[in-house]
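Undergrad: Each residue of the sequence shown is one higher than the one before, starting from 7 at the first, in our numbering. Note that beta-carbon positions come from the ideal geometry of N, C-alpha and C, so glycine has one too.
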Amino acid sequence: MNDTSPRSRKAGAISPVSRVEHAYRGILALITDGALTSGDRLPSEAEMASRFAVSRPVVRQALTRLEQARVVEVRWGAGSYVRDVPGAAASEPNFGPVRSLDEVRLTFEFRAAVEGDAAALAAERRPPEHLAAARRALAKLEHALATGSLGESADLEFHFAIAAASCNPFFERMLRSIQRPLEFAINLTRTLSQTHPPERRHDVQNEHVAVLKAIETGDPEAARAAMRLHLANSCKRLFQGPAQQD
């Protein structure tokens, strides 16, 4: 005999948070998989509710989350649209325009290679003035974590300081040449982090701490690995949603 008690039904129930996350991931996938690009109109709320097997209020909550992260623009009465990626037209031609969230993923891949080597050189050379700048940025990130603010400017400041600490100006120049796409990616990941469990936000901070610690102790390989791990995890947190385990 099937157990139809309230206790059994409760055990198998899907929480509202899980339904919102399911819709959020589904809508984000429409964009990142290339089905929709900048300026495109998303399917109607009713269509997305049917597609993701959730209610329309759940779809609205998912859209609100994506609007806060500046991924979509909700025009009430006219539908929801994929926002243009800031910096698409302003990016340096050597790197090409960043026109979709899928290219944000490629930006993370590019950054892991470049910033990983910059961190390794920083660990070999350890210039005091640039390490001091990185420590100041890290302190600002700690304050942002404690106060619940985004800290996106401090995040960018930290990564520029590490690039400068390589004592090879081309690393910092390369990052600054794609600054607007970097700002978009950092703002997006830190905005969405507000929907993650608190321990996930502490993980992000701990990753920054690990990078600086490896540099300060003069361990190039550990610094390279820590930076690459941080950027890989940042990409996963962005595209896999708040409940996905690392």
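For ASN100, which residues from the same chain have a beta carbon less than 8 Å from its beta carbon, with the 5 sequence-adjacent residues on both sides left out?
TA: Any answer about ASN100 is weak, because its pLDDT of 42 lies below 50 and its placement is not dependable; what the coordinates show is given next. Cβ neighbours of ASN100 beyond the five flanking positions: SER183.
Undergrad: Kindly list the residues whose CB is nearer than 7 Å to the CB of ALA128, restricted to its own chain and excluding five residues on each side of it in sequence; keep chain order.
TA: Excluding residues within five positions, the ones whose Cβ falls inside 7 Å are ILE168, ALA171, SER172, ILE221 and ALA229.
Undergrad: Confirm, please, whether the CB-CB distance from LEU194 to ALA253 is below 8 Å.
TA: This structure does not reach residue 253, given that the chain is present from 7 up to 252, and the question cannot be answered.
Undergrad: Compute the beta-carbon to beta-carbon distance between GLN246 and LEU147, rounded to the nearest angstrom, for a pair I have assumed lies under 8 Å.
TA: Their Cβ separation, rounded to whole angstroms, is 22 Å, which puts GLN246 and LEU147 out of contact at 8 Å.
Undergrad: Starting from GLY85, trace the beta strand (DSSP E) both ways and give me its first and last residue.
TA: First-last of the beta strand (DSSP E) with GLY85: 85-88.
Undergrad: Would you decide whether SER86 is buried or exposed? Buried here means 16 or more other CB atoms lie within 10 Å of its CB.
TA: So SER86 counts as buried.
Undergrad: When DSSP labels each residue in this structure, what does VAL65 get in the three-state scheme?
TA: Three-state result, VAL65: helix.
Undergrad: In whole angstroms, give me the CA-to-CA distance for VAL77 and VAL110.
TA: Their Cα atoms are separated by approximately 12 Å.
Undergrad: Check each candidate in SER24, LEU34 and SER199 and name the one with the smallest Cα separation from ASN239.
TA: ASN239 has its Cα closest to that of SER199, out of SER24, LEU34 and SER199.
Undergrad: By DSSP, does VAL210 sit in helix, in strand, or in coil?
TA: If DSSP states are grouped into helix, strand and coil, VAL210 belongs with the helices.
Undergrad: Looking only at its own chain, which residues have a Cβ that is under 6 Å from the Cβ of ALA232, when we skip the five neighbours before and after it?
TA: Counting only Cβ-Cβ distances below 6 Å, and skipping sequence neighbours, we find ALA216, VAL217 and ALA220.
Undergrad: For the 8 Å Cβ check, are there 3 or more pairs between the region 174-182 and the region 133-150?
TA: No contact exists between the region 174-182 and the region 133-150.
Undergrad: With distances taken Cα to Cα, identify the nearest neighbour of ALA124 among ALA150, PRO175 and ARG206.
TA: Ranking ALA150, PRO175 and ARG206 by Cα distance to ALA124 puts PRO175 first.
Undergrad: DSSP three-state call for ARG81: helix, strand or coil?
TA: Three-state DSSP puts ARG81 in a strand.
Undergrad: Classify HIS3: buried if its beta carbon has 16 or more other beta carbons within 10 angstroms, exposed otherwise.
TA: The chain is shown from 7 up to 252; residue 3 falls before or after that span and cannot be answered.
Undergrad: Nearest-angstrom Cα distance between ALA29 and LEU237?
TA: Spanning the two alpha carbons is a distance of roughly 25 Å.
Undergrad: Count the other CB atoms within 10 Å of the CB of THR113; is the residue buried (16 or more) or exposed (fewer)?
TA: It counts as buried.
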